[in-house]
Amino acid sequence: MSGESGAQHQNIARAALILEALAGCARQGLRLTDVSRITGLSKTVAHRGLAGLVAHGMATYENESARFFLGDRLFAWVGRAGERFELAERAKPYLLKLAEELEDTIYFAIRRGDESVCYGRAEGSFPIKTLTLNVGDRRPLGIGSGSLAIAAYQDDAEVERLIREYSAARARFQRADALIRDDVRRAREEGFSLTEGYFIEGMTGVGVPIRNSHGIAVASLSVAAISKRLELPRRQQVAARLKVEAALMERELSLLFAQL
């Protein structure tokens, strides 16, 4: 990577960090010191980045409160991107139905490159919530029940490539290559992915793949709950219910899954 290219990537990364910080406090906005603290950028770098975002309409500055907010230009972009993200909106009724029936948290994830992206979440009525993912969160394929459900049902060569090339990316999740291989093998044997205590002790996740018309796993449905709620035999019952809904989505949203 050339020096110029590296600098460009660095600038984009800093802008993304700042926008993420502003999005996390969209209503109240952030002062310069807040942006610096949240992003880890120096005040000088944060101020330079904020000034550039304001100049291009991606952030606004309020003199009275000395706070920065997300800019109107982002709102315009969201409207134009609606067609691309139609799948997230169309998936909502399926997630809400499952959350109402199962009473636990339901997640919908899609494959983007070699990562899974949370495209939807619906919370059930059970009082103990397991909210391990927010909409928009990304993880290396194989990390988490939904992401694992996508990875496990790729062909063998693709699974091995993902394991080999993304070992470092998975390090912070403490899932070594051998553990991922075991996860994949178990998912294929049982017909659904299973994660127990990966991120929160006492939390279990179950996931199933959603395939496109060519039979390739491109998305997933998963449920997360306290482990006692996903013991046998309910675990298998929940997996079976997810499979029914996944098949329904495959049929009714096939044109959208074909775009993934």
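Count along the sequence shown starting at 1, add 1, and that's the number in the numbering used here.
Heads up, the beta-carbon is just placed ideally off N, CA and C, and yes, glycines get one too.
Note that the structure is a prediction, hence the values are computed from the model and not measured.
**Message:** If we define contact as Cβ-Cβ less than 8 Å, is residue 150 a contact residue for chain C?
**Reply:** Checking the listed chains, one finds no chain C in this structure; it contains a single protein chain.
**Asked** When the Cα atoms are used, what is the spatial distance from residue 63 to residue 69?
**Response** Spanning the two alpha carbons is a distance of roughly 6 Å.
**Prompt:** At which residues does the alpha helix (DSSP H) containing residue 246 begin and terminate?
**Reply:** First-last of the alpha helix (DSSP H) with residue 246: 235-253.
**Request:** Let me know the secondary structure DSSP gives residue 197 once reduced to three states.
**Result:** Judged by DSSP in its simplified three-state form, residue 197 adopts strand.
**Asked** Got a sec? Which residues, its chain only, sit under 6 Å from residue 260 by beta carbon, not counting five neighbours each side?
**Response** Same-chain partners within the cutoff: there are none.
**Stretch-stretch touch, CB-based, cutoff 8 Å, three pairs: the segment 92-108 with the segment 240-256** = These segments touch.
**Prompt:** Quick one: what does DSSP say residue 55 is sitting in, helix, strand or coil?
**Reply:** Assignment of residue 55 by DSSP, reduced to helix, strand and coil, places it in the helix class.
**Asked** Are residue 105 and residue 241 closer than 8 Å when you measure CB to CB?
**Response** Contact: no.
**Prompt:** Since residue 72 and residue 60 are thought to touch, with beta carbons under 8 Å apart, how far apart are those beta carbons, to the nearest angstrom?
**Reply:** Rounded, the Cβ-Cβ distance is 5 Å, consistent with contact.
**Item:** Of the listed residues 26, 124, 133 and 171, nearest to residue 142 (C-alpha basis)
**Value:** Nearest C-alpha to residue 142: 171.
**Message:** Suppose the cutoff is 7 Å on Cβ atoms and the five residues either side in sequence are ignored; what does the same chain contact list for residue 2 look like?
**Reply:** Confidence at residue 2 is low in this model, with a pLDDT of 48, below 50, so its placement is unreliable and no value can be given for it.
**Prompt:** Comparing alpha-carbon positions, which option in 88, 50, 34 and 43 lies nearest residue 67?
**Reply:** When only C-alpha atoms are compared, the closest one is 34.
**Request:** Name the two residues that bound the continuous beta strand (DSSP E) containing residue 210.
**Result:** Element bounds for residue 210: 204-212.
**Request:** Please report the Cβ distance between residue 223 and residue 208, rounded to the nearest whole angstrom; I am assuming they are in contact, meaning their Cβ atoms lie under 8 Å.
**Result:** Right, the Cβ-Cβ distance comes to about 3 Å (below 8 Å), so this counts as a contact.
**Message:** Between which residues of its own chain and residue 150 is the CB-CB distance below 6 Å, once the five residues before and five after are set aside?
**Reply:** 194, 208, 209, 210 and 221.
**Message:** Suppose you measure from the CA of residue 255 to the CA of residue 110; what does that come to, to the nearest Å?
**Reply:** In a straight line, the C-alpha of residue 255 is about 15 Å away from that of residue 110.
**Selection from 179, 155, 133 and 186 that minimises the alpha carbon distance to residue 262** = As displayed, the chain neither begins before 2 nor continues past 261, which places residue 262 out of reach and without an answer.
**Asked** Just the Cα atoms here: how many angstroms apart are residue 160 and residue 113?
**Response** Cα atoms of residue 160 and residue 113: separation of roughly 15 Å, rounded to the nearest angstrom.
**Item:** Residue from 15, 122, 10 and 164 whose Cα sits closest to the Cα of residue 94
**Value:** Answer by Cα proximity: 122.
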